[in-house]
Amino acid sequence: IKNVVIFGETGVGKSSLINLIAGENISETSSSAVGCTLNYKRHFLRLGDQRFAIWDTAGLDEGTEGTVPAEKAEAYLKQLLRDLVKANGIDLLVYCVRGTRVRSALLTNYHLFYSAICRKKVPIAIVITGLENQEGNMDTWWLKNERQFSALQMRFDNYACVT
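Mapped onto this note's numbering, the consecutive letters of the sequence shown carry residue numbers 337 to 499.
Below, the structure written as structure tokens:
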């Protein structure tokens with residue numbers, strides 16, 4: 337079984353991404369102002385002949401009034417990543433972000449979880465969500481904005497642009 341950890345800020349669509357990958361609603365989603373994933377949840381999926389454990393994590397940067405305060409969400413994710421690294425490893429990190437401006441929180445979370453904890457030894461992909469209003473092909477968002485991420489020393493092995 338390959339471990340895939342999906343992380344990102346509250347409300348960026350981590351649970352919706354899991355449902356998209358699964359082709360059915362297996363992860364609870366919410367359109368409210370606060371997140372719906374309290375800690376982390378593991379979903380088992382079979383895609384082709386591969387088996388995956390997809391880890392849905394609490395949203396980061398929710399603040400103290402959210403379902404999971406920012407410090408707790410960060411602590412949960414740190415512990416999950418450390419536990420998985422010790423056990424059978426992490427096969428892929430997926431950083432889920434909204435298709436808006438590159439903000440400092442994106443950089444902070446990237447460095448904390450990818451650089452510090454995973455020591456850049458795990459493949460990482462970025463999934464850009466919320467591109468319903470993107471003119472033309474959604475991939476043009478990444479092509480236009482990739483340089484901003486590179487300038488901040490944020491490197492990704494692959495990307496996907498979704499609604």
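Note that beta-carbon positions come from the ideal geometry of N, C-alpha and C, so glycine has one too.
- In the three-state scheme derived from DSSP, where H, G and I count as helix and E and B as strand, Ala394 is classed as coil.
- The straight-line gap separating the alpha-carbon atoms of Val458 and Leu448 is approximately 14 angstroms.
- DSSP places Tyr495 inside the beta strand (DSSP E), whose first and last residues are 494–497.
- Around the Cβ of Ser352, a 10 Å sphere holds 16 or more other Cβ atoms; the residue is buried.
- The beta carbons of Val433 and Ile453 sit no closer together than 7 angstroms.
- Counting only runs that start and end inside the region 395–461, the beta strand (DSSP E) elements of at least 3 residues fall at 428–434.
- According to the DSSP assignment, Leu356 belongs to the alpha helix (DSSP H) that extends over 350–358.
- If you draw a straight line from the Cα of Thr436 to the Cα of Arg378, it comes to about 28 angstroms.
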